[in-house]
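Peer 1: Be aware that the sequence shown starts at 121, since it is given in the working numbering, and climbs by one per residue.
For every residue, glycine included, the Cβ atom is placed at its ideal position computed from N, Cα and C.
All values derive from a computational prediction rather than experimental measurement.
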Amino acid sequence: MSLSVAVAMLAGVSACQVLPALPPLWLGAVLSVIAAGFYIFAPTWRDLAALVFGLCWAALVGQSVMQQRLPDSRVPMTVLVEGRVLGLPQREPDSVRFDFRIERGPAGVPVGEKVRLGWYGQPPGLDPGSCWRLLVRLKCPQGVLNPGGYDFEKSALAQRLAATGYVRDPASARRLAPAQGVDAWRDRVSHQIAQALPAGRARFVQALALGDTRALSDRDWEILRATGLTHQIAISGFHVGMVAGFGALLASGLFWLWPELGRRVPRPQATAVGALAFAAAYTALAGFALPTVRTLLMIAAVLMAKLLRRPQSGADAFALAMIVVLLVDPLSVLAPGFWLSFLGVAWLLWCLPHERQAGVLRPFFESQGVAVLGLLPLTVWFFGQASLPGPLANLLGIPAISLVIVPLALLGLLVAPMSAGLAGLFWTGSAWVMDGLWWCLERMAHWPAATIWLPEASLLAVVLGCLAAFWLLLPRGTPGKALALFLFLPLLWPDRHTPAPGEAEIVVIDVGQGLSVLVRTAAHTLLFDAGPANARGLDMGEAAVLPGLHALGIGRLDTIVISHGDNDHAGGLTAVQRAFPLARVLAPEGWAGPGMHRCQRDAHWRWDGVDFRILHPPPLFPYERNDSSCVLRIEAGGRVALIPGDIGRHVETRLVREQAPRLWADLLIAPHHGSDGSSSEAFVAAVNPRWVIFATGASNRFGLPRANIAERYRRRGAAIADTARTGMLRFSLDEQGVRRQSARRTDTPRYWREPGATGSGYAIGSPDSER
Numbered sequence: 121m122s123l124s125v126a127v128a129m130l131a132g133v134s135a136c137q138v139l140p141a142l143p144p145l146w147l148g149a150v151l152s153v154i155a156a157g158f159y160i161f162a163p164t165w166r167d168l169a170a171l172v173f174g175l176c177w178a179a180l181v182g183q184s185v186m187q188q189r190l191p192d193s194r195v196p197m198t199v200l201v202e203g204r205v206l207g208l209p210q211r212e213p214d215s216v217r218f219d220f221r222i223e224r225g226p227a228g229v230p231v232g233e234k235v236r237l238g239w240y241g242q243p244p245g246l247d248p249g250s251c252w253r254l255l256v257r258l259k260c261p262q263g264v265l266n267p268g269g270y271d272f273e274k275s276a277l278a279q280r281l282a283a284t285g286y287v288r289d290p291a292s293a294r295r296l297a298p299a300q301g302v303d304a305w306r307d308r309v310s311h312q313i314a315q316a317l318p319a320g321r322a323r324f325v326q327a328l329a330l331g332d333t334r335a336l337s338d339r340d341w342e343i344l345r346a347t348g349l350t351h352q353i354a355i356s357g358f359h360v361g362m363v364a365g366f367g368a369l370l371a372s373g374l375f376w377l378w379p380e381l382g383r384r385v386p387r388p389q390a391t392a393v394g395a396l397a398f399a400a401a402y403t404a405l406a407g408f409a410l411p412t413v414r415t416l417l418m419i420a421a422v423l424m425a426k427l428l429r430r431p432q433s434g435a436d437a438f439a440l441a442m443i444v445v446l447l448v449d450p451l452s453v454l455a456p457g458f459w460l461s462f463l464g465v466a467w468l469l470w471c472l473p474h475e476r477q478a479g480v481l482r483p484f485f486e487s488q489g490v491a492v493l494g495l496l497p498l499t500v501w502f503f504g505q506a507s508l509p510g511p512l513a514n515l516l517g518i519p520a521i522s523l524v525i526v527p528l529a530l531l532g533l534l535v536a537p538m539s540a541g542l543a544g545l546f547w548t549g550s551a552w553v554m555d556g557l558w559w560c561l562e563r564m565a566h567w568p569a570a571t572i573w574l575p576e577a578s579l580l581a582v583v584l585g586c587l588a589a590f591w592l593l594l595p596r597g598t599p600g601k602a603l604a605l606f607l608f609l610p611l612l613w614p615d616r617h618t619p620a621p622g623e624a625e626i627v628v629i630d631v632g633q634g635l636s637v638l639v640r641t642a643a644h645t646l647l648f649d650a651g652p653a654n655a656r657g658l659d660m661g662e663a664a665v666l667p668g669l670h671a672l673g674i675g676r677l678d679t680i681v682i683s684h685g686d687n688d689h690a691g692g693l694t695a696v697q698r699a700f701p702l703a704r705v706l707a708p709e710g711w712a713g714p715g716m717h718r719c720q721r722d723a724h725w726r727w728d729g730v731d732f733r734i735l736h737p738p739p740l741f742p743y744e745r746n747d748s749s750c751v752l753r754i755e756a757g758g759r760v761a762l763i764p765g766d767i768g769r770h771v772e773t774r775l776v777r778e779q780a781p782r783l784w785a786d787l788l789i790a791p792h793h794g795s796d797g798s799s800s801e802a803f804v805a806a807v808n809p810r811w812v813i814f815a816t817g818a819s820n821r822f823g824l825p826r827a828n829i830a831e832r833y834r835r836r837g838a839a840i841a842d843t844a845r846t847g848m849l850r851f852s853l854d855e856q857g858v859r860r861q862s863a864r865r866t867d868t869p870r871y872w873r874e875p876g877a878t879g880s881g882y883a884i885g886s887p888d889s890e891r
């Protein structure tokens, strides 16, 4: 199988994923047949045929997946469905999250498809593999969209999630059948491991033996990210390959024990079957997670050639594996793991010698060096960070996990049905080695600058970084290697586009139903509110605000203003303060905690030619939640932005009466997300904004922004934007006016993002007139 054909097909599949809309099914089917014909009967056009076929095949699969979603994402539906619990439910303090395959339901429900549900409370009997009848509230998969953040909608597409929702009436839920299947067995064994080990020591054994990461804490993941070892925890593709190798070794050992076996069964084919069987079994232990299935397909593609007795070079095996994965699941290119896996293997095939080397340590160290350097550009592209202790942590962690911890954990699984005591000994040994490794990782994670956050890189910077890595990994003696380092500069130190003196940038971060706004001047930064957080583990400060700040190149916050104490504005403060502990915090009287400064009327400061002023609340104003919101006015180059928090009509009336001249603004963040209790006619007239931004969550249960409120602003000629429809919004304020720089969702349209299907129906408009 030609490597150029595989690369061409990959290019076509990848090109499909950046289309704003998919071609019709009939067109994709016709072009696929034509491309296949050219591939078979016109060898000189094979690469082009593979590219076209890849694009059309990915479009056909994308169309099929999109058609399984709910018919109208603007209208959540409440329906009674029956189905089966998939995977391992994730239990939080006050709720459970789980995947559910719908097996029966009314018209319009994606029967046979997977949905993700929440169940508030702790329902008994919600076990993996159990069947239930549930009354659920469903909507299309929707999420926030910011640079550097998790793109849930893309992930939902790759995972074939047809909808998300929650159990509407827990009292009416009925369990129809008990737990059964592989996931039920995984859950039982996971509990057995937890009982065999002291509290806190079982979590990594559960993750590495069964792919059960439910017991890992946020702190655990922070340490793993800081040390670059997240790919080694849970059952990863690397571990599937290792187990496949063990299966091949075991099958080969049978021929050593019984030499006459070789007369009946060809040894190469027997080892291939053993490797494939072990890899498939281990993939099942992971609940057929996408990364492990991808690795299984790669292994199967290579071993099938051996079973068919067809000789293959490393490049041919690599190409065949890639084509098989793209044919089975073209949406796998949406996952970073696909690119890291294949590019890592490609670097190793290119750089490491093909002849066998003496010893084990040298090839291991060389492979680690190749992987770290070769994958650096993609690591920055996908995750926006680099781990300084990562190379050393991998040198320690990979041998310990792969050669000791995982084998002991798996031996425990093998003997558990026969002897619980012996299984506990193996699991204890695995946990003991992991404890020692974890002690080292914790200290590495606390190194100064252990994690380097990098601004969002451009595609050109990533390409130049890959060229630099290729240049540096050429054989010794290649001239000009030092010059290759300069090609890394756009990746590691990109242009951050900071405002000039006297100018300001206003960035409305998409945090769902909440608010977080970044204000940046030439040398200072301010964050107004930090988004929501709740006990179920949803912390937008951690998931949206911080990734957005890092992607924008913000290395320091000078001031954090918390408008008031409601969760949708202050919930993410803890996460933001943990990342920026030196930032000054302003908050209203009555809510401000120790070490915070009071947010009071007439507080004023000037940064880099930009004026900041607090308009509300006045001194000694009683804390009244929404009406105590800090109101911030920013003026740059004669242009004004106004951020009023969640003030209601009572405070609006007071501001119009006492400070009307200061209310006029070019850019307004709509008070209280556009609710009926705010944006009075008098306030709208006094502000008379050119742009109005509603910070809302997609399909939020409050129905915000209200259509009559949005229309009130429209009648005054204001342009309307809703973060549920646009994602993160960036505006510039200077002498030339207010200009929209970017809208994350509408500027990067993808076929799985439907701006018309979320929010209130208001996306990006244009002001009726210039001021």
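Mind checking whether Pro497 and Ala581 have CB atoms under 9 Å apart?
Peer 2: Here residue 497 refers to the residue found at position 377 of the sequence shown. Here residue 581 refers to the residue found at position 461 of the sequence shown. Going by C-beta atoms, Pro497 is nearer than 9 Å to Ala581.
Peer 1: Tell me which same chain residues have a C-beta within less than 7 Å of the C-beta of Phe608, skipping the five on either side of it?
Peer 2: The residue you call residue 608 lines up with position 488 of the sequence shown. The residues are Gly585 and Ala588.
Peer 1: Going straight from the alpha carbon of Ala868 to that of Asn266, what length do you get?
Peer 2: Looking up residue 868 in the sequence shown gives position 748. Looking up residue 266 in the sequence shown gives position 146. Note on identity: in this sequence residue 868 is Thr, with Ala being the wrong assignment. Their backbone Cα atoms lie some 11 Å apart in a straight line.
Peer 1: Should Ala813 and Thr843 be called a contact, given that it needs their Cβ atoms to be closer than 9 Å?
Peer 2: In the sequence shown, counting from the first residue as 1, residue 813 sits at position 693. In the sequence shown, counting from the first residue as 1, residue 843 sits at position 723. Sequence check: residue 813 is Ile here, not Ala. Yes, the pair counts as a contact, with Cβ atoms nearer than the cut-off.
Peer 1: For Ser184, does the three-state DSSP call read helix, strand or coil?
Peer 2: Translated into positions along the sequence shown, residue 184 becomes position 64. In this structure, Ser184 counts as helix in the three-state DSSP scheme.
Peer 1: Would you please state the rounded distance, in angstroms, between the beta carbons of Trp467 and Val445? I believe it to be under 8 Å.
Peer 2: The count along the sequence shown starts at 1 and reaches residue 467 at position 347. The count along the sequence shown starts at 1 and reaches residue 445 at position 325. No, Trp467 and Val445 are not in contact; Cβ-Cβ is about 18 Å, not under 8 Å.
Peer 1: Can you tell me whether DSSP reads Gly879 as helix, strand or coil?
Peer 2: Here residue 879 is taken as the residue at index 759 of the sequence shown, counted from 1. Because Gly879 sits at a pLDDT of 40, beneath the cut-off of 50, its placement in the model cannot be relied upon, and the point is left open.
Peer 1: Alpha carbon to alpha carbon, how far is Leu735 from Gln720?
Peer 2: For this step, residue 735 is matched to residue 615 along the sequence shown. For this step, residue 720 is matched to residue 600 along the sequence shown. Looking at the two C-alpha atoms, the distance is approximately 8 Å.
Peer 1: Let me know the beta strand (DSSP E) ranges lying completely inside the segment 633-696, each 3 residues or longer, listed in chain order.
Peer 2: Counting only runs of 3 or more, we get 637-640, 645-648 and 679-681.
Peer 1: Can you look up Ile313 in the DSSP assignment and give me helix, strand or coil?
Peer 2: The residue given as residue 313 occupies position 193 in the sequence shown. Ile313: helix per DSSP, three-state reduction.
Peer 1: Can you tell me which of Trp501, Arg211 and Leu658 puts its alpha carbon nearest to the alpha carbon of Leu693?
Peer 2: Locating residue 693 in the sequence shown gives position 573, where the first residue counts as 1. Answer by Cα proximity: Leu658.
Peer 1: Cβ of Thr99 within 9 Å of Cβ of Gln633?
Peer 2: There is simply no residue 99 to check, as the chain begins at 121 and stops at 891 in what is shown.
Peer 1: Would you kindly work out how many angstroms separate the C-alpha atoms of Ser889 and Met848, rounded to a whole number?
Peer 2: Taking the sequence shown and counting its residues from 1, the one referred to as residue 889 is at position 769. Taking the sequence shown and counting its residues from 1, the one referred to as residue 848 is at position 728. Bear in mind that the predicted position of Ser889 carries a pLDDT of just 46, short of 50, making it unreliable; the figure below should be weighed with that in mind. So the two alpha carbons sit approximately 24 Å from each other.
Peer 1: If Ala126 and Leu171 are in contact, beta carbons under 8 Å, what's the gap, nearest whole angstrom?
Peer 2: Residue numbering aside, residue 126 sits at position 6 when the sequence shown is read from its first letter. Residue numbering aside, residue 171 sits at position 51 when the sequence shown is read from its first letter. Their Cβ separation, rounded to whole angstroms, is 11 Å, which puts Ala126 and Leu171 out of contact at 8 Å.
Peer 1: Ordered along the chain, which non-local residues of its own chain (more than five positions away) have a Cβ less than 7 Å from that of Ala712?
Peer 2: As a first step, residue 712 is located in the sequence shown; it is residue number 592 there, counting from the start. Hits under 7 Å: Arg718.
Peer 1: Measuring CB atoms only, is the segment 246-254 touching the segment 292-304, in the sense that at least three cross pairs come out at less than 8 Å?
Peer 2: Enough Cβ pairs lie closer than 8 Å, so yes.
Peer 1: What distance in whole Å lies between the Cβ atoms of Leu463 and Leu495, which are believed to be in contact at a cut-off of 8 Å?
Peer 2: Position 375 of the sequence shown, counting from 1, holds the residue named residue 495. Position 343 of the sequence shown, counting from 1, holds the residue named residue 463. Rounded, the Cβ-Cβ distance is 6 Å, consistent with contact.
Peer 1: If you draw a straight line from the alpha carbon of Val628 to that of Ala620, how long is it in whole angstroms?
Peer 2: Within the sequence shown, residue 628 is the residue found at index 508, counting from 1. Within the sequence shown, residue 620 is the residue found at index 500, counting from 1. Roughly 20 Å separates the two Cα atoms.
Peer 1: Thinking Trp547 and Ala520 are a contact (beta carbons under 8 Å), I'd like their distance in whole angstroms, please.
Peer 2: Taking the sequence shown and counting its residues from 1, one reaches residue 547 at position 427. Taking the sequence shown and counting its residues from 1, one reaches residue 520 at position 400. Actually they are not in contact, since the Cβ atoms of Trp547 and Ala520 sit about 16 Å apart, beyond 8 Å.
Peer 1: Please go through the same chain and pick out, in chain order, the residues whose beta-carbon is closer than 7 Å to the beta-carbon of Val631, but skip the five residues on each side of it.
Peer 2: Residue mapping note: residue 631 aligns to position 511 of the sequence shown, counting from 1. Answer for Val631: Val264, Gly651, Pro652, Met660, Ala664 and Val665, listed in chain order.
Peer 1: Please report how far the alpha carbon of Ile525 lies from the alpha carbon of Gln300, in whole angstroms.
Peer 2: To locate residue 525, count along the sequence shown from 1; it is residue 405. To locate residue 300, count along the sequence shown from 1; it is residue 180. Their Cα atoms are separated by approximately 29 Å.
Peer 1: For Cys251, which beta-bridge partners are listed by DSSP?
Peer 2: Counting from 1 along the sequence shown, the entry for residue 251 is found at position 131. Looking at the DSSP assignment, Cys251 forms a beta bridge with Arg204 and Ala297.
Peer 1: How is the beta strand (DSSP E) around Arg726 delimited, first residue to last?
Peer 2: Within the sequence shown, the letter at position 606 stands for residue 726. His724 to Trp727 is the extent of the beta strand (DSSP E) around Arg726.
Peer 1: Checking 9 Å against the spacing of the C-beta atoms, do Leu787 and Ile626 come in under that value?
Peer 2: The sequence position of residue 787 within the sequence shown is 667, counting from 1. The sequence position of residue 626 within the sequence shown is 506, counting from 1. Contact flag set, yes.
Peer 1: Can you name, in chain order, every residue of its own chain whose Cβ lies under 8 Å from the Cβ of Gly365, other than the five neighbours on each side?
Peer 2: Here the question's residue 365 lines up with position 245 in the sequence shown. So the list reads Ala395, once near-sequence residues are dropped.
Peer 1: In whole angstroms, what separates the C-alpha of Val393 from that of Val583?
Peer 2: The residue given as residue 393 occupies position 273 in the sequence shown. The residue given as residue 583 occupies position 463 in the sequence shown. The alpha-carbon atoms of Val393 and Val583 are separated by roughly 39 Å.
Peer 1: Give a yes or no on whether the C-beta atoms belonging to Val287 and Tyr240 are separated by under 9 Å.
Peer 2: In the sequence shown, counting from the first residue as 1, residue 287 sits at position 167. In the sequence shown, counting from the first residue as 1, residue 240 sits at position 120. Closer than 9 Å, so yes.
Peer 1: Taking 8 Å as the threshold, find out whether the segment 200-220 comes into contact with the segment 177-187 through three or more Cβ pairs.
Peer 2: No contact exists between the segment 200-220 and the segment 177-187.
Peer 1: Can you give the beta carbon distance from His670 to Trp573, rounded, assuming they're within the 8 Å contact cut?
Peer 2: Counting from 1 along the sequence shown, the entry for residue 670 is found at position 550. Counting from 1 along the sequence shown, the entry for residue 573 is found at position 453. Confirmed, Cβ separation roughly 4 Å.
Peer 1: Can you list, in chain order, the residues of its chain with a C-beta nearer than 6 Å to that of Asp219? Leave out the 5 residues immediately preceding and following it.
Peer 2: For the purposes of this step, residue 219 is taken as residue 99 along the sequence shown, with counting starting at 1. Excluding positions up to five away in sequence, the list reads Leu206, Gly207, Lys234 and Arg236.
Peer 1: Trp239 lies in the beta strand (DSSP E); which residues open and close that run?
Peer 2: Locating residue 239 in the sequence shown gives position 119, where the first residue counts as 1. Element bounds for Trp239: Lys234 to Tyr240.
Peer 1: Along the alpha helix (DSSP H) that carries Glu772, what are the first and last residues, could you check?
Peer 2: To locate residue 772, count along the sequence shown from 1; it is residue 652. That run of the alpha helix (DSSP H) goes Arg769 to Leu783.
Peer 1: Tell me the rounded alpha-carbon separation between Pro226 and Met197.
Peer 2: Within the sequence shown, residue 226 is the residue found at index 106, counting from 1. Within the sequence shown, residue 197 is the residue found at index 77, counting from 1. Answer to the nearest angstrom: the Cα atoms are 11 Å apart.
Peer 1: For Trp341, count the other beta carbons within 10 Å of its own beta carbon; 16 or more makes it buried, fewer makes it exposed. Which is it?
Peer 2: Against the sequence shown, residue 341 aligns to sequence position 221. Trp341 comes out exposed.
Peer 1: Would you tell me roughly how many angstroms separate the C-alpha atoms of Arg640 and Gly331, rounded to the nearest one?
Peer 2: The residue labelled residue 640 in the question sits at position 520 within the sequence shown. The residue labelled residue 331 in the question sits at position 211 within the sequence shown. Rounded to whole angstroms, Arg640 to Gly331 spans 42 Å at the Cα level.
Peer 1: Excluding the 5 residues preceding and the 5 following Leu317 in the sequence, name in chain order all residues of the same chain whose CB lies nearer than 7 Å to its CB.
Peer 2: Indexing the sequence shown from 1 puts residue 317 at position 197. Answer for Leu317: Val325, Trp547, Thr548 and Ala551, listed in chain order.
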